[in-house]
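Novice:
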Amino acid sequence: MHQHKVMVRFCETDLLGHVNNSNYFVYLEDARIQFFYDADIFNEDQNYVLASAKCDFIKQAYFRQVLVIETKVVQIGNSSFTALQEIYDDETNTLIARGESVIVSFDVETEKSKPLSDPIREKLDQFVVNV
16 MHQHKVMVRF CETDLLGHVN NSNYFVYLED ARIQFFYDAD IFNEDQNYVL ASAKCDFIKQ
76 AYFRQVLVIE TKVVQIGNSS FTALQEIYDD ETNTLIARGE SVIVSFDVET EKSKPLSDPI
136 REKLDQFVVN V
């Protein structure tokens, strides 16, 4: 499992004082990109596109709240993998939101998916969890 922390900024909240739903996707993306770098699966020869993204909102988050985003790999396919991401309050460990995304290995020149290489699969395997 990979962890990434963010602090909610004032501009991410709405008139009710809680995080606007669109910002959860920004948090998930931020954590996902950091996961790519920390897992060492992103380089000049390897690109990805997001094929699917969803988020279930469990609890509200607020300005200056520190959130922890945990990223886990739940499935590895031929040219894609599925990531489960959970957002928790850093202080109470309360689940705030749960996201899932399908990330596809992408060939920029042909604009088509391409198989995940064996070295990338080995690196992703380190983050696989059964749910």
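According to this note's numbering, the sequence shown is numbered sequentially starting from 16.
Where a beta carbon is used, it is the ideal one built from N, C-alpha and C, also for glycine.
Note that the coordinates shown come from a computational prediction; the quantities given were computed from them, not determined experimentally.
(1) So, helix, strand or coil for residue 44, using DSSP?
(2) If the criterion is Cβ atoms closer than 7 Å, does the pair residue 69 and residue 101 meet it?
(3) Counting pairs of beta carbons, one from the stretch 73-87 and one from the stretch 120-138, are three or more of them closer than 8 Å?
(4) So residue 136 and residue 91 are supposed to be a Cβ contact under 8 Å. How far apart are they, rounded?
(5) Rank 50, 130, 77 by C-alpha distance to the C-alpha of residue 106 and give the top, closest one.
(6) Taking the straight line between their C-alpha atoms, what separation do you get for residue 47 and residue 87?
(7) Fully enclosed by the stretch 70-143, which beta strand (DSSP E) runs are 3 residues long or longer?
(8) Where residue 59 and residue 108 are concerned, what is the direct C-alpha to C-alpha distance, given to the nearest angstrom?
(9) Between the C-alpha atoms of residue 93 and residue 129, what's the straight-line distance to the nearest angstrom?
(10) Note down the Cα distance separating residue 51 from residue 43, rounded to an integer number of angstroms.
(11) If we cut at 7 Å on Cβ distances, does residue 131 have a partner in chain D?
(12) Let me make sure I understand the geometry here. Which of 16, 34, 25 has the alpha-carbon closest to that of residue 111?
(13) Is the separation between the beta-carbon of residue 66 and that of residue 117 shorter than 7 Å?
(14) Helix, strand or coil: how does DSSP classify residue 145 here?
Specialist: Looking at the coordinates:
(1) In the three-state reduction of the DSSP assignment, residue 44 falls in the helix class.
(2) No. Outside cutoff.
(3) Because the criterion of three Cβ pairs below 8 Å is not met, the stretch 73-87 and the stretch 120-138 do not touch.
(4) Rounded, the Cβ-Cβ distance is 6 Å, consistent with contact.
(5) When only C-alpha atoms are compared, the closest one is 77.
(6) So the two alpha carbons sit approximately 10 Å from each other.
(7) The qualifying runs are 81-91, 95-104, 110-122.
(8) When rounded, the distance between both Cα atoms is 36 Å.
(9) Take the alpha-carbon of residue 93 and the one of residue 129: they are about 8 Å apart.
(10) Put simply, the backbone Cα of residue 51 is about 12 Å away from that of residue 43.
(11) In the displayed structure, chain D is absent; only one protein chain is listed.
(12) Nearest C-alpha to residue 111 among 16, 34, 25: 34.
(13) Result yes, Cβ atoms of residue 66 and residue 117 sit closer than 7 Å.
(14) Assigned with DSSP and collapsed to three states, residue 145 falls in coil, not helix or strand.
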